[in-house]
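Chemist:
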Amino acid sequence: MSTATLTAGPRDLATLEMQYRISRNLETAFVSRTHKQGATALTGWELGGMETMRPAASPDRLRGNIWTESRPQIGPKIPAPDSRTYSDSFSPSKQYLLVKSVLDFIGAVFLLIIAAPVMAAVALAIKLTSPGAVLFRQMRVGQNGREFMLYKFRSMPEDVEAKTGPTWSGDGDVRATPVGRFLRRFHLDELPQVFNVLRGEMSLVGPRPERPCFVRFLRQLIPNYDLRHCVKPGITGLAQVCYPYGASVEDASKKLRYELYYARHISLRLDLLTLAKTINVVLAGRGQ
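Numbering of the sequence shown is given in our numbering, commencing with residue 37 and proceeding in unit increments.
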């Protein structure tokens with residue numbers, strides 16, 4: 037195993053990057069807490085599976101990076117971030133990810149069985165009240181940046197963005213149909229994504245998948261934004277149960293803190309806590 041310590045300037049970083057790209061034998065890298073540029077590079081390499089070790093006062097917390105002095109307020113039933121949020125490797129446990137894939141498949145089958153009558157009723161309501169297809173399909177960015185086709189029940193008129201172009205959907209979106217507003221309030225429009233879970237493209241719990249055009253936009257403005265893609269996207273997620281609807285760069289930045297906290301602390305307990313909070317949100321009709 038090769039190790040390297042980044043303590044100087046761009047020259048050291050370039051050498052390390054060349055070694056990693058050419059020989060691919062760099063498994064662990066240590067970064068000086070004062071080397072902001074090195075830390076920025078390592079966050080990208082972590083997506084490729086390289087293990088990194090960072091001090092607690094990592095450059096992740098310097099101004100200009102997504103983690104600042106404040107930490108996300110998650111709620112009474114979900115543990116608050118600790119120092120590991122800023123110091124551990126960003127590579128999630130491969131063992132748990134394997135277990136999670138199995139649990140996702142079982143959970144999706146169970147959800148599909150119990151939700152089948154509801155899905156049939158929703159499909160009929162859409163067909164009777166709004167011209168066009170029942171399902172809405174859209175490309176989204178998944179794990180490791182791979183794009184996939186996401187399925188939802190259509191909650192807006194077809195070709196709603198024909199004149200406006202891609203637009204963030206917010207709370208109380210006036211473009212939604214009457215049936216669509218009801219579906220969005222109780223998250224029923226998300227039910228077809230169980231098929232994405234069965235296909236291995238999504239998980240029950242994880243960061244919500246974003247559109248490619250928005251990913252390209254946000255990665256230019258929010259440092260470390262692509263780290264959210266180190267795990268599978270989810271039907272529900274920590275940001276969805278802890279933060280209201282967001283339709284701005286600032287909202288995306290704040291949600292990212294929850295998503296990266298989840299990626300670092302991914303576990304069965306955190307998944308179950310998120311699912312429990314999701315049930316409360318759905319039953320209360322608080323679409324987020």
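Positions of the beta carbon are idealized from the N, C-alpha and C atoms, including for glycine.
Quick check on the burial criterion: 16 or more other C-beta atoms within 10 angstroms. Buried or exposed for T314?
Modeler: buried
Chemist: Would you decide whether N180 is buried or exposed? Buried here means 16 or more other CB atoms lie within 10 Å of its CB.
Modeler: exposed
Chemist: When the Cβ atoms of the segment 243-250 are set against those of the segment 162-169, are three or more pairs found closer than 8 angstroms?
Modeler: Here the segment 243-250 does not lie against the segment 162-169, with fewer than 3 beta-carbon pairs under 8 angstroms apart.
Chemist: Rounding to the nearest angstrom, what Cα-Cα distance links I302 and F141 in this structure?
Modeler: Spanning the two alpha carbons is a distance of roughly 17 angstroms.
Chemist: In angstroms, rounded to a whole number, what distance separates the CA positions of T121 and A299?
Modeler: Since pLDDT at T121 reaches only 40, below the 50 mark, its modelled position is unreliable, and no value is offered.
Chemist: Kindly indicate which three-state DSSP category F222 falls into: helix, strand or coil?
Modeler: coil
Chemist: Are the segment 220-232 and the segment 253-265 in contact at 8 angstroms, needing three or more beta carbon pairs?
Modeler: no
Chemist: Could you give the DSSP three-state label for E286: helix, strand or coil?
Modeler: helix
Chemist: Starting from S137, trace the alpha helix (DSSP H) in both directions and tell me its first and last residue.
Modeler: 130-165
Chemist: Could you tell me the distance, in whole angstroms, from the CA atom of L304 to the CA atom of Q229?
Modeler: 21 angstroms
Chemist: Enumerate in chain order the residues of its own chain whose CB-to-CB distance from I258 is below 8 angstroms, with the five nearest sequence positions on each side excluded.
Modeler: I102, V285, A288, S289, L292
Chemist: Name the DSSP beta bridge partners of S239, please?
Modeler: G270
Chemist: Any idea if T203 is buried or exposed, counting beta-carbon neighbours within 10 angstroms, 16 or more meaning buried?
Modeler: Taking every protein chain shown into account, the CB of T203 has fewer than 16 other CB atoms within 10 angstroms, so this residue is exposed.
Chemist: Starting from V318 and walking both ways along the alpha helix (DSSP H), at which residues does that stretch end?
Modeler: 304-319
Chemist: DSSP has Q174 in a bridge; who is on the other side?
Modeler: Its beta-bridge partners are L186.
Chemist: If you drop the 5 nearest sequence neighbours on each side, which residues of the same chain put their C-beta closer than 6 angstroms to that of V158?
Modeler: F189, L224
Chemist: Report buried or exposed for A320, applying the criterion of at least 16 other Cβ atoms within 10 angstroms of its Cβ.
Modeler: exposed
Chemist: Taking the continuous alpha helix (DSSP H) assigned at Q229, which residues delimit it?
Modeler: Per DSSP, Q229 is one residue of the alpha helix (DSSP H) stretching across 229-234.
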